[in-house]
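Novice: Per my numbering, residue 570 is the first one in the sequence shown, and the count goes up by one each step.
Glycine included, C-beta positions come from ideal geometry on N, C-alpha and C.
Bear in mind that the values here come from a model prediction, so they are computed numbers and not experimental data.
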Amino acid sequence: MRKLVGVLRKNFGQFCPQIFFVAAMFAFGIFGTAEAAKQLPEIVWAHDVYTMNVAGDDQTAQRRRGYQLLNAGTAEEQRENREKIAAAIDAKLKEQGAKLPFKLKTSFEGNDVSELNSELSDATVGDAPIALVPIVVIDYAIEQVYQINGTPHYKYIIISALDIAFCSEDDDGALTILGNIPVHYYESIPLSNNFAQMTQRDKAELAQIYTNFTVSMIKKNLDFTKYKKVLKTLTDKKLAGETYRVENISYTSEKAKGILGMNRLMQRICGNIFTSDFAAHTGNVVYPMILQGDTSNWTIDATQGFYVAKMSTSHSGEKTVRMPASVDHKIYLNVSGIGSAEVQTKQVSNINGFKAYRLWMESTIDGKKIEVTNDITEEYLKDTSSANKIIKDEREIFGGLMIGAAVKSAAAQAGKKVK
């Protein structure tokens, strides 16, 4: 725009009034377009945190309900944990205030936050605003027990998959996901192999650890300003174009099947980590993952073309949330190979040795297949009777490599350099 005005000024004497008038009107047209582009969707944030209701009465469903940490502890502890997560989102909204790519309709301590960015737009979209809906997809702690000289020592993998969804409310009260910001991470507790810290934790304590970790990840990683593509699609309350979703994670490697098995939990972790990293790298709309044949969370409504889930909320009771069954770009992950080989060292021991482990993972989007590898070297025991340190088994090692490969795959598909 400045360049256009500069050209007009520089050549003012060479333009006839009529041409200048046309050019000026053209310039004002650009101004009008720019002003229109500032119109932002209105988002309502009700401080509700949504947790998945796991469907079914079979053992798998019961076990998965048992994993859910936000349902652990007393009712008061559950409420406090949910409120901590909501407060962390509050803090991010306040921090990013005037930079938010939407108009926020909510209140913190009696102050309307929409005042922070109201100068950007006075327009609301439609009769009813869009809701900001934080969906807790995974709130698990996976326990690992190591026997060291007859004494059990415990480590936990804390998995936090939170989807910051933007939903329209339909006539039947159901919420339809229009866009989504995934915040998916995992952490080992304790971080070190200090035996004194490797104690058994009850579910209420793990729930607090999970909550604090989730709050930390929100503070560190949630940035609404990076997802302008997601928010741009909300202006007309239409389902977003150029949508992505992880559809399945497979094992074509027979060795991988034998060691890892068709472990749904590991598949969910891997798929959710890819989802979050790919969305963060690209800013694209990446819907929550659906694994083929897995309907314990999302069920298919074929007549409407939606996946549907029942969810519990902090304040509003049970709600129905749905998302389109079809997306523009389907993502497939595949463990195509795993292997290990002993590493030769200068000193040969009859007690221990070292192995190099490698996992190959393929990711495919729109026919674009990229294969990455992930490697690690681990100690192993030749004589297990002398165990005096943490030694991982192959399933744990390859599981960790699978998660790391998902991180690399997301970067590679986004066109980023893979370290």
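The beta strand (DSSP E) that contains residue 914, what's its start and end?
Specialist: Where residue 914 is concerned, there is no enclosing beta strand (DSSP E), given that its DSSP letter is neither H nor E.
Novice: With a threshold of 8 Å on Cβ separation, who are the neighbours of residue 919 within its own chain once the five nearest residues in sequence on each side are excluded?
Specialist: Answer for residue 919: 951, 952, listed in chain order.
Novice: Report the residue from 736, 882, 653 whose alpha carbon sits nearest the alpha carbon of residue 786.
Specialist: When only C-alpha atoms are compared, the closest one is 653.
Novice: Please classify residue 569 as buried or exposed, where buried requires at least 16 neighbouring CB atoms within 10 angstroms.
Specialist: In the structure as shown, the chain begins at 570 and stops at 988. Residue 569 is therefore absent and cannot be evaluated.
Novice: Using DSSP with H/G/I as helix, E/B as strand and the rest coil, what is residue 561?
Specialist: In the structure as shown, the chain starts at 570 and stops at 988, and residue 561 therefore has no counterpart that could be examined.
Novice: Please determine, among 848, 771, 746, 718, the residue with the shortest C-alpha to C-alpha distance to residue 796.
Specialist: It is 848.
Novice: Which partner residues of residue 902 appear in the DSSP bridge assignment?
Specialist: 818, 932, per the DSSP bridge assignment.
Novice: How long is the line joining the alpha carbons of residue 915 and residue 946, rounded to whole angstroms?
Specialist: Going by the C-alpha atoms only, they are around 16 Å apart.
Novice: Taking the alpha carbon of residue 885 as the reference point, which residue from 608, 762, 609, 619 has its own alpha carbon closest?
Specialist: Out of 608, 762, 609, 619, 619 has the C-alpha closest to the C-alpha of residue 885.
Novice: Rounded to the nearest angstrom, what separates residue 971 and residue 673 at their Cα positions?
Specialist: Approximately 39 Å between the Cα atoms of the pair.
Novice: Relative to the C-alpha of residue 728, which residue among 783, 879, 866 is closest?
Specialist: Comparing Cα positions, the closest option is 783.
Novice: Quick check: what's the CA-CA separation for residue 794 versus residue 753?
Specialist: Taking the straight line joining both Cα atoms gives about 18 Å.
Novice: If residue 890 sits next to residue 844, beta carbons under 8 Å apart, how far is it from one beta carbon to the other, in whole angstroms?
Specialist: Going by Cβ atoms, the distance from residue 890 to residue 844 rounds to 17 Å, so no, they are not a contact pair.
Novice: Give the DSSP-derived three-state secondary structure of residue 661 in the structure shown.
Specialist: Here residue 661 sits in helix by DSSP.
Novice: With burial defined as no fewer than 16 other Cβ atoms inside 10 Å of the residue's Cβ, what is the status of residue 780: buried or exposed?
Specialist: So residue 780 counts as buried.
Novice: Under three-state DSSP, which class holds residue 850?
Specialist: Residue 850 falls in the helix class under three-state DSSP.
Novice: Any contact between the segment 862-882 and the segment 823-832? By contact I mean 3 or more CB pairs, one from each, below 8 Å.
Specialist: Contact between the segment 862-882 and the segment 823-832 is absent, because fewer than three Cβ pairs lie under 8 Å.
Novice: Quick check on residue 761: buried or exposed, where buried means 16 or more other Cβ atoms within 10 Å of its Cβ?
Specialist: Exposed, by the Cβ-count rule.
Novice: Using a beta-carbon distance below 8 Å, is residue 880 in contact with chain B?
Specialist: Among the chains of the structure shown, chain B does not appear; only one protein chain is present.
Novice: What residue range does the alpha helix (DSSP H) around residue 726 cover?
Specialist: Where residue 726 is concerned, there is no enclosing alpha helix (DSSP H), although the beta strand (DSSP E) it sits in stretches over 720-738.
Novice: Can you give me the C-alpha to C-alpha distance between residue 616 and residue 718, rounded to a whole angstrom?
Specialist: Residue 616 and residue 718: Cα-Cα distance of roughly 49 Å.
Novice: With which residues is residue 707 paired in a DSSP beta bridge?
Specialist: Paired residues: 730.
Novice: Nearest-angstrom Cα distance between residue 636 and residue 608?
Specialist: Distance between the alpha carbons of residue 636 and residue 608: 43 Å.
Novice: How is residue 961 classed by DSSP in three states: helix, strand or coil?
Specialist: Coil at residue 961, not helix or strand.
Novice: Is the separation between the beta-carbon of residue 745 and that of residue 737 shorter than 8 Å?
Specialist: Closer than 8 Å, so yes.
Novice: In this structure, does DSSP put residue 785 in helix, strand or coil?
Specialist: If DSSP states are grouped into helix, strand and coil, residue 785 belongs with the helices.
Novice: Go through the segment 613-655 residue by residue and report every complete run of the alpha helix (DSSP H) that reaches 4 residues or more, in order.
Specialist: Here the runs fully enclosed are 628-636.
Novice: When every heavy atom of the ligand HEM is checked, does at least one fall within less than 7 Å of the C-beta of residue 755?
Specialist: You won't find the ligand HEM in this model; it holds no ligand whatsoever.
Novice: On the DSSP letters alone, give me the boundaries of the beta strand (DSSP E) that residue 986 sits inside.
Specialist: Unbroken run through residue 986: none, as it is neither H nor E.
Novice: If residue 730 and residue 750 are in contact, beta carbons under 8 Å, what's the gap, nearest whole angstrom?
Specialist: That pair is no contact at about 12 Å.
Novice: Taking the Cβ atom as the reference point for each residue, do residue 702 and residue 842 lie within a distance shorter than 8 Å?
Specialist: In this structure, residue 842 does not lie closer than 8 Å to residue 702 by Cβ.
Novice: CA-CA distance, residue 811 and residue 798?
Specialist: If I take the Cα positions, the gap works out to 10 Å.
Novice: Taking one C-beta from the segment 769-780 and one from the segment 852-860 each time, how about it: are there three or more such pairs within less than 8 Å?
Specialist: Flag = no, the segment 769-780 and the segment 852-860 do not touch.
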